[in-house]
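Residues 237 to 527 (the numbering used here) make up the sequence shown, in order.
Here a beta-carbon is modelled for each residue, glycine too, at the ideal position from N, C-alpha and C.
Computed from a predicted structure; not experimentally measured.
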Amino acid sequence: MSDYERIEKAMAFMVAQAAEQPTLEKVAAHVHLSAFHFQRLFARYVGISPKRFLQVLTLERGKQLMHASVSLLDIAHTLGLSGGSRLYDHFVQLEAVTPGEYKRHGEGVNIQYAVHETPLGRMFVAATPRGICRMGFVDTTSSEALQERLAIEWPRSTLQHAPEVTRYAVDALFAKAEVGASALSLHVTGTNFQIAVWRALLTIPEGQLASYAHIARALGAPKSSRAVGNAVGANPIALWIPCHRVIQQSGALGGYRWGVEKKQMVQAWELAQLSAVMSEGATASKKGIAH
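Below is the structure:
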C-alpha cells in the first residue's frame, strides 16, 4: 500500500466513522501503521494532524452548511480571483471548445492522459495542448471507462498515455503555487448553459458552499435549479471545477458523481487546507507585531 493510498483510506475511514470520533490509534491501525508514524505521514500529506482533520470534518463543515448563502456567489468573486487558499493561488482559466472545434470532433488534437495517485484517491487526468479537458476519480469509474468517454467526446483526436505531461494537474492541487506561476487552463466542451454553470462554480471561494438554487439565481434563472444540478453533475474536471462545493438548499450534501463519501472527504480536506493556511497567516502576523 502506497502512502497516498494510506492517506486516502484513513480519510475515508474518518469520514465514515466521524460520529464515533475514532482515536488516533484506531485510525492508524486501520492503515496498518503505528500512531506515531501515521501522525507524521498524515501531517506531511494533508498539512494538519488527524485530530484537526476530524475536527474540521465534524464541526467546521457543519458551520459552512448552516451559513451557506447567496453571498457566496457575489459578483466580486470573479473567475480566478486569488485569495489566501491553495486552490486560488493558481489563476484558473476556463476555455470552452469553439463550435468549429466541436464540429471537427477533435481532429488534429493530441490528448495526453494518465492516472495519478493523490491523497484523495487515484485520478484520471487528460489534457489537450490548451488545458485540462478531463479529470476524475477512478475508484468509482474505471480509467478505461473514462478513456472510452474521452474517445467518444473527441472521436478524431489522438490519445497518448503521458503521465509525465499530465502530472502537473494534480501536483498543482497539493502544492502551493510559486509566485508568478502561469495560469492553469481548463479546456472543456459543453452547452452554453453548462459552461455558465461551471464558470459559476469557479467563483465559490475555497472552503465555502452554495446551493443549486443559489447558483440558479446568480445566473439569472431562479427556476433552473434542476438544470443547474444536471450541469453540476456533468462537470468534466473534478476538484478544479469545484462541484463538491454545491449542496442542497436544505443543507444536505446532495449527489456527487464519485460518491457522497468522496464528496465529504474532499470538502473536509479543502477546509483543512484553508484552516492550515489561515493558521500560518495568523502566526506570521503575530511574529510581525512582535517585531
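Only buried fits His480, as 16 or more other CB atoms lie within 10 angstroms of its CB. Here Val424 really is in contact with Cys369; their C-beta atoms are around 6 Å apart, less than 8 Å. Taking the C-beta atoms as reference points, Arg288 is found no nearer than 8 Å to Val267. The beta-carbon separation of Ala252 and Glu497, rounded to 7 Å, stays under the 8 Å limit for a contact.
The count of Cβ pairs closer than 8 Å, one atom from the stretch 372-391 and one from the stretch 347-361, reaches three, so the stretches are in contact. Residue state for Asn428 is assigned as helix, using DSSP reduced to three classes.
Remark: three or more beta-carbon pairs, one from each stretch, lie closer than 8 Å, so the stretch 390-408 and the stretch 337-347 are flagged as touching. For the beta strand (DSSP E) assignment, the uninterrupted runs of no fewer than 3 residues enclosed by the stretch 359-423 are, from N- to C-terminal side, 359-364, 367-373, 394-397. If you check the CB distance, Ala271 and Ala264 come in under 8 Å. Per DSSP, Gln329 is one residue of the beta strand (DSSP E) stretching across 328-332. Less than 8 Å separates the beta-carbon of Gln275 from that of Pro286. Your pair Val482 and Ala446 checks out as a contact, with CB atoms roughly 6 Å apart and the cut at 8 Å.
A straight-line Cα-Cα distance of about 12 Å links Tyr404 and Tyr349. Cβ-Cβ distances below 6 Å link Ala255 to nothing in the same chain once the five nearest sequence neighbours on each side are left out. Rounded to whole angstroms, the Cβ separation of Glu331 and Leu422 is 7 Å, and the two are in contact under 8 Å.
Within the model, the alpha-carbon separation for Tyr240 versus Tyr281 is close to 8 Å. Around the CB of Ala381, fewer than 16 other CB atoms lie within 10 Å, so the residue is classed as exposed.
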